[in-house]
Amino acid sequence: MTRVLVVDDEPQLVRALRVNLRARGYDVDAAADGRTALDLAARHRPDVVLLDLGLPDMDGTDVIRGLRGWLSVPIIVLSARHASAEKVQALDEGADDYVTKPFGMDELLARLRAAVRRATPAEEAAVVETAAFSVDLAARKVVRDGRDVRLTPTEWHVLEVLVREAGRLVGQRQLLREVWGPSYEKETNYLRVYLAQLRRKLEPDPAHPRHLITEPGMGYRFEV
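For the sequence shown, the numbering used here gives the first residue as 278, with consecutive numbering after it.
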């Protein structure tokens, strides 16, 4: 059964999509915000994502970037934004199609079927391997030297955001916003504390980290 992840904060639209998709044999998960969507995608890997750009906790393009860090399933953007520049940005970030609200259900379902047909059959596992440890995004665990590493929920969230953006700089404000919320964007001391804790648990030489890299004054980067 094809699993569809619906990400939208409009309850009526989510209900309509859920009813129409289930009536056609799809399995449906739904999330009203970006953080929940990323968590659901890691725990129950979807075959296709229907994503609204205007989410309450983060922009939909940030969700696209988070998903594209490890997942290559089709992403169809559903948005009331009509500006071509915003459509181009969403497509450049990794979306496969863009449907402008309001839309006809038949058109959306046709686009969904086409996207699933075009999708590659094999998906990469949501596991990131380094020379020192592995991060299993689906199981939400870290293994080092054959043993599970005990992380606090906050440590996991920090690591998860960085791993999903592997190789890319994650700004201090972005990381604070995604882990703690918008009101914590200036609390950079939080990041110093939690990155130090993660390095002690994961890096072979915490004083000279190879995987959890600090870009002074800018942010952090996860390197495999």
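Glycine is no exception: its CB is placed at the ideal position from the N, C-alpha and C atoms.
In terms of residues, what are the limits of the beta strand (DSSP E) holding residue i?
| i | result |
| --- | --- |
| threonine 431 | It is not in any beta strand (DSSP E) - threonine 431 instead sits in the alpha helix (DSSP H) that spans 430–441. |
| threonine 377 | 374–377 |
| alanine 307 | 304–308 |
| glutamate 384 | Premise fails: glutamate 384 lies in the alpha helix (DSSP H), 382–395, not in any beta strand (DSSP E). |
| arginine 280 | 280–284 |
| glutamate 406 | 404–406 |
| leucine 355 | 352–356 |
Following the continuous alpha helix (DSSP H) through residue i, name the residue where it begins and the one where it ends.
| i | result |
| --- | --- |
| arginine 427 | Per DSSP, arginine 427 belongs to no alpha helix (DSSP H) and is neither H nor E. |
| tyrosine 471 | 465–479 |
| arginine 498 | Per DSSP, arginine 498 belongs to no alpha helix (DSSP H); it is in the beta strand (DSSP E), 496–499. |
| valine 369 | First, the residue type needs correcting, since residue 369 is aspartate and not valine in the sequence shown. It spans 361–370 - the alpha helix (DSSP H) in which aspartate 369 sits, taken as one unbroken run. |
| alanine 318 | 311–320 |
| arginine 292 | 288–300 |
Could you check how far apart the C-beta atoms of residue i and residue j are, in whole angstroms? I think they sit under 8 Å.
| i | j | result |
| --- | --- | --- |
| leucine 305 | arginine 295 | According to the sequence displayed, residue 305 carries valine and not leucine. About 5 Å separates the two Cβ atoms, so the contact holds. |
| leucine 282 | leucine 317 | 6 Å |
| leucine 439 | tyrosine 497 | 6 Å |
| arginine 441 | leucine 479 | About 16 Å separates the two Cβ atoms, so there is no contact after all. |
| arginine 477 | proline 486 | Their Cβ separation, rounded to whole angstroms, is 10 Å, which puts arginine 477 and proline 486 out of contact at 8 Å. |
| valine 365 | alanine 396 | Going by Cβ atoms, the distance from valine 365 to alanine 396 rounds to 22 Å, so no, they are not a contact pair. |
| leucine 453 | tyrosine 461 | 5 Å |
Nearest-angstrom Cα distance between residue i and residue j?
| i | j | result |
| --- | --- | --- |
| valine 456 | proline 430 | 10 Å |
| lysine 463 | alanine 357 | 31 Å |
| glutamate 401 | glycine 346 | A caution first: glutamate 401 carries a pLDDT of 47, below 50, which makes its placement in the model too unreliable to give a value. |
| alanine 399 | methionine 278 | Because alanine 399 sits at a pLDDT of 44, beneath the cut-off of 50, its placement in the model cannot be relied upon, and the following sentence gives the value as read from the coordinates. When rounded, the distance between both Cα atoms is 15 Å. |
| alanine 309 | proline 481 | 39 Å |
| valine 404 | glutamate 432 | 17 Å |
| glutamate 287 | leucine 355 | 11 Å |
| arginine 570 | valine 419 | Because the chain in this structure spans residues 278 to 501, residue 570 falls outside the shown range and cannot be described. |
| valine 325 | alanine 372 | 11 Å |
| serine 361 | threonine 377 | 11 Å |
| glutamate 384 | valine 412 | 39 Å |
| threonine 491 | valine 291 | 40 Å |
| threonine 465 | glycine 343 | 22 Å |
In the DSSP assignment, what residue or residues form a beta bridge with residue i?
| i | result |
| --- | --- |
| glutamate 492 | Gly496 |
| valine 447 | Tyr497 |
| aspartate 413 | Val404 and Lys418 |
| valine 326 | Leu282 and Ile352 |
| aspartate 336 | Gly331 |
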